[in-house]
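Undergrad:
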Amino acid sequence: MDNLAILVETDQGLVLVDTGLGLHDHESPTRLVRMFRRIFRVPYAPNSTAFQQLESMGISPTNVKHIIQTHLHFDHAGGLPDFPWAQVHLHQKELAAMLKPNTWLERFAYDKADFTHEPNWVTYENCTEKWYEFDAIPLPFTPRIYMIPLFGHTSGHCGVAIQDGLGWLFQAGDSIPTNAAFDLTPGWLNRMVIGPHVERIKAFAHFHPEVNIVAGHKYQRI
Ligand SMILES: [Zn+2]
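For the sequence shown, numbering that gives the first Met the number 0 begins at 0 and goes up steadily by one.
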């Protein structure tokens, strides 16, 4: 099970969308991360982190100036401490939920170790534009990038739409099942864990083949 981190070249430098697990999740994982790694058989592999993948591509991680987080669960935000200089863009409600978790899932799935370096948060709240039929928050980058509020999986969970030539890449995060396999999990499980947007995004995918929709999780049998 991989957690997707997407790298975008923009006029403001390199932008990462989600960071996946970070170096500390491999070198000194908390109990939560150890459990996750055991269940999903995630091996000790620091070279799978965004930080080391950038280095292996010959790109200095210091060139990552901005990070956009779909949400702050440990498996999406674990790499934040590897880029302490970056500005971290996210929905205000997501930051608030992490700082003051209300539900058992919130208390469980945010890992304080991801935030002890006090990230440079940049928060957003108002949808001032539309991306297709979705209410959208424009981010200050070229190519165009929008945060699309898709609350449910967490209080401030957002998808991220990135202009890609004539089309779009839409990182729907954890608002849709692994591999964007819309029918992978039953409706009741979707409503409990993934949130209420699966059917809507499935229909959207059907009518908009020009949009490349990816999920926050990717699974390959090895
Ligand atoms: Zn999540």
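For glycine and all other residues, C-beta sits at the position ideal for the given N, C-alpha and C.
Just checking A171 against ligand 1 - is the residue's beta carbon closer than 7 Å to any of the ligand's heavy atoms?
TA: no
Undergrad: For M34, which option in D74, P60, N46, M56 has the closest C-alpha, if you only look at C-alpha atoms?
TA: D74
Undergrad: Any heavy atom of ligand 1 closer than 7 Å to the Cβ of H70?
TA: yes
Undergrad: Using 8 Å as the threshold, is the C-beta distance between S154 and K92 below it?
TA: yes
Undergrad: Taking just the CA atoms, how far does L31 sit from P100?
TA: 16 Å
Undergrad: Report all residues from its chain with a CB closer than 6 Å to the CB of H207; omit the five preceding and five following residues, and keep chain order.
TA: Here the set comprises nothing.
Undergrad: Leaving out the 5 sequence neighbours to the left and right, which residues in its chain are closer than 8 Å to A44 when beta-carbon positions are compared?
TA: H25
Undergrad: So is P185 buried or exposed if we call it buried at 16+ other beta carbons inside 10 Å?
TA: exposed
Undergrad: Do the stretch 8-20 and the stretch 55-66 make contact, defined as three or more Cβ pairs closer than 8 Å?
TA: Yes: at least three Cβ pairs fall under 8 Å.
Undergrad: Tell me whether T127 is buried or exposed, calling it buried when 16 or more other Cβ atoms sit within 10 Å of its Cβ.
TA: exposed
Undergrad: Could you give the first and the last residue of the continuous beta strand (DSSP E) run that contains Q86?
TA: 86-90
Undergrad: What's the C-alpha gap between H72 and K201?
TA: 23 Å
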